[in-house]
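Structure record follows, encoded as structure tokens.
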Amino acid sequence: MSSKDKRKLYREFINWVEANNLLFLRFQELADCLEKYLLNEVFTSAQSCKLIGRKFLDVLDIKTNLNYNDPEIVQAYTVIHFLDRYHRFQMVYIRLIEMGIFPCPPYAADILDIGTGPAPALFAISDIYSLLKMFGRKNNIPEFASLRFQTDYVEPSESFRLWISLFSELSYSKEIKGVDWEFLYNVGSFEDFSGLDLHELKLNLRYDLIEELQSKQWREDDNDLLNAQYIIDHVQTDWKSKFRYDMIVFSNFLTELSQVETLLKEIRSAGYALRNRGILVVVGGRENSYPQIYARVIRVLKERLYLRNKTISKCIEIELQTNEMAYSYNSNFGLCLRKFYSAILKRFEEFMVLDCIPKEARRRIMKTINAQPSERKWGIHIFKKVSWRRRDKNKASK
Ligand SMILES: C[S@@+](CC[C@H](N)C(=O)[O-])C[C@H]1O[C@@H](n2cnc3c(N)ncnc32)[C@H](O)[C@@H]1O
Numbered sequence: 013m014s015s016k017d018k019r020k021l022y023r024e025f026i027n028w029v030e031a032n033n034l035l036f037l038r039f040q041e042l043a044d045c046l047e048k049y050l051l052n053e054v055f056t057s058a059q060s061c062k063l064i065g066r067k068f069l070d071v072l073d074i075k076t077n078l079n080y081n082d083p084e085i086v087q088a089y090t091v092i093h094f095l096d097r098y099h100r101f102q103m104v105y106i107r108l109i110e111m112g113i114f115p116c117p118p119y120a121a122d123i124l125d126i127g128t129g130p131a132p133a134l135f136a137i138s139d140i141y142s143l144l145k146m147f148g149r150k151n152n153i154p155e156f157a158s159l160r161f162q163t164d165y166v167e168p169s170e171s172f173r174l175w176i177s178l179f180s181e182l183s184y185s186k187e188i189k190g191v192d193w194e195f196l197y198n199v200g201s202f203e204d205f206s207g208l209d210l211h212e213l214k215l216n217l218r219y220d221l222i223e224e225l226q227s228k229q230w231r232e233d234d235n236d237l238l239n240a241q242y243i244i245d246h247v248q249t250d251w252k253s254k255f256r257y258d259m260i261v262f263s264n265f266l267t268e269l270s271q272v273e274t275l276l277k278e279i280r281s282a283g284y285a286l287r288n289r290g291i292l293v294v295v296g297g298r299e300n301s302y303p304q305i306y307a308r309v310i311r312v313l314k315e316r317l318y319l320r321n322k323t324i325s326k327c328i329e330i331e332l333q334t335n336e337m338a339y340s341y342n343s344n345f346g347l348c349l350r351k352f353y354s355a356i357l358k359r360f361e362e363f364m365v366l367d368c369i370p371k372e373a374r375r376r377i378m379k380t381i382n383a384q385p386s387e388r389k390w391g392i393h394i395f396k397k398v399s400w401r402r403r404d405k406n407k408a409s410k
């Protein structure tokens, strides 16, 4: 399919999603599901409200030393951030589709979310791919209909991992207008971004496979080793596509400049792990240290050429009209979010424990409920991997 045809289909896809209000229906379903879960299973006593409510300010500020293993922090985080972030990513992915850079290679896509938390970016991607597949089936477009996607994530917090698993179960039980939302593949392969070298993991995998194959052969001599290497490098080559991604997401993970400075090697490694035309999306705030964080990430990703046997590649930043995105608190999505916050505060009132929420946190939540300001804004930077063939030195010297 030519890229022109693909763009046309993407446009039709967006029209179909909008005409059927599919993103909002899904958002509403998740809001409803989260609210019921919180009211029926979490905020069921004055004590549980107190324990979680007093953490609201910590998660509003997203301090870097937050203990994300603490189940109360995790519950507080999902109350405050999950729906907002989920909708942001609905919008981000639609924007990528409009721009024609959404990762939809023929038939398969691999996505990695770094510091996934409650996985808003993955819930949204899973939904978008489900819709693309459904659109493909309705319109007989094999590239979309047979699309396979695999999500993976990096997350050290066991409490977040449990939450993702629980909320996936809860939220995929319903069907809307015949859309089968696909269950979020929810076993994150990596715990810590710090020290994560995806290329090294791939080389280790190759080595293990060679060793395994060699050990199956009856004699251990050089020939066996060469033979095993040949088979793994040229015949059983599935490993070559492992630890490579069509999209990598950093959503509110890089929150302080000092953190970026300690993770430069890992950020470069993420760039290396992108496939040709893969994209890396960095989403975060707009104020405080965010401009410096973005500038540093841009420099780190752009300064590096990645060399492979036959190709050279680099990450380029995609020029956007603006690096800000926003939605209105008066849109359907905004109204639904405000209603959700009101329902949570009402539960605190019923147990007469509203005061346990720090005053500043209550003030900020009330501002959102009252749509002041009227918009929710965030920052976004997008990078794309571009590769080209290396010149053959032998040919060049002839
Ligand atoms: C501010 S939250 C962002 C969560 C989510 N991406 C979002 O947009 O709402 C930061 C997340 O990064 C995770 N995290 C902290 N240190 C990490 C590390 N070294 N490697 C990977 N994730 C880490 C935390 O556990 C937490 O889930």
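With this note's numbering, letter number 76 in the sequence shown gets 88, and the count goes up by one each step, no holes.
Ideal Cβ positions, reconstructed from N, Cα and C, are used throughout, including at glycine.
Owing to the predicted nature of the structure, the values given are computational and were not obtained by experimental measurement.
For residue 246, the closest alpha carbon among the candidates 262, 218, 181 is that of 218. Note on geometry: alpha-carbon atoms of residue 171 and residue 210 lie some 25 Å from one another. Look at residue 134 here: in three-state DSSP terms it is helix. For residue 376, the enclosing alpha helix (DSSP H) stretches over residues 371-381. With respect to the C-alpha of residue 222, the residue from 206, 212, 239 having the closest C-alpha is 239.
Approximately 15 Å separates the beta-carbon atoms of residue 41 and residue 355; this is outside 8 Å, ruling out the contact.
In the three-state reduction of the DSSP assignment, residue 153 falls in the coil class, being assigned neither a helical nor a strand state. Scanning 216, 128, 100, 140 for the CA closest to the CA of residue 203 turns up 128.
For ligand 1, a non-hydrogen atom lies closer than 8 Å to the CB of residue 130. Looking only at 193, 158, 110, the smallest Cα-Cα distance to residue 143 is reached by 193. A straight-line Cα-Cα distance of about 21 Å links residue 23 and residue 339.
Per DSSP, the unbroken beta strand (DSSP E) holding residue 400 starts and ends at 387-401.
Relative to the non-hydrogen atoms of ligand 1, the Cβ of residue 26 never comes closer than 8 Å to any of them. Residue side-chain check: residue 290 keeps its Cβ at 8 Å or more from all non-hydrogen atoms of ligand 1. Under DSSP, residue 338 takes part in a beta bridge, and its partners are 389.
Distance from the CA atom of residue 291 to the CA atom of residue 121, rounded to whole angstroms, is 12 Å.
Taken from the Cβ of residue 283, every heavy atom of ligand 1 lies 8 Å or farther away. In this structure the region 375-386 touches the region 340-353; the number of beta carbon pairs closer than 8 Å is three or more. For residue 70, the secondary structure class from DSSP, reduced to helix, strand or coil, is helix. For residue 89, the Cβ falls inside the 8 Å cut-off from some heavy atom of ligand 1. Between residue 98 and residue 126, the C-beta gap is not smaller than 9 Å, which leaves the two residues out of contact. For residue 293, there is no enclosing alpha helix (DSSP H); the residue is found in the beta strand (DSSP E) stretching over 286-296.
Ranked by Cα distance from residue 323, the options 254, 398, 394, 271 are led by 398. Under DSSP, residue 259 forms a beta bridge with 123, 291. Of the candidates 168, 140, 169, the residue whose Cα lies closest to the Cα of residue 159 is 140.
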